[in-house]
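One structure is given here, and the rest of the page talks about it.
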C-alpha cells in the first residue's frame, strides 16, 4: 500500500489529558469518507499519542480509535488503528501492555457486535 492509497484523517491532536492526546474533531467526516471511497482510497490512518501508562487515557484512545474505525468500515474503507506510545515515555512498557489489553477487549467487542 502506498501513501497515496491512504487517507490521513486527523486534523491534529487535543492537548494532553490522562497521559494521552486524542484526535481533534474531524469536520465533515462522513462526506470525507464518501469522497475517499469514490476515489478508490484503500484505507485511513489516524495518529494518537500515548505519553504515560494511564489506564483511563489509554482506554479513551482505544475507544476513540475503534469508534472512528467502525465508521470507516461502514464506508468500505480499511481503518488503520495505530495509536503510538511515545518512544521516550518513562512508562512505555506498561503503557503498551495496557494498550494491548484495551485493544484486544475492543476487538472482542467488535466481533461480538458484528455477529
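In this note's numbering, the protein residues as written are 34 to 148. Note that CB positions come from ideal geometry on N, CA and C, so glycine has one too.
task = State the DSSP-derived secondary structure class of residue 112, mapped to helix, strand or coil.
result = strand
ask   = Under 7 Å, do residue 113 and residue 57 count as touching if we go by C-beta distance?
value = no
ask   = In three-state terms, what does DSSP make of residue 83?
value = strand
message = Can you list, in chain order, the residues of its chain with a C-beta nearer than 7 Å to that of residue 92? Leave out the 5 residues immediately preceding and following it.
response = 135
key: Closest Cα partner of residue 62 within the set 118, 71 and 105   = 105
inquiry  = Between which residues of its own chain and residue 24 is the CB-CB distance below 7 Å, once the five residues before and five after are set aside?
reply    = Here the chain comprises residues numbered 34 to 148, so residue 24 is not present and cannot be evaluated.
request  = Entirely within the region 44-82 and at least 4 residues each: give me those alpha helix (DSSP H) ranges in chain order.
outcome  = 62-71
inquiry  = By DSSP's criteria, residue 39 is part of a beta bridge. Which residues make up the other side?
reply    = 76
message = Going by beta-carbon coordinates alone, are residue 94 and residue 51 separated by less than 7 Å?
response = no
request  = Note the first and the last residue of the continuous alpha helix (DSSP H) segment covering residue 106.
outcome  = 88-107
query = Closest Cβ-Cβ distance between residue 113 and chain B: below 7 Å?
reply = Among the chains of the structure shown, chain B does not appear; only one protein chain is present.
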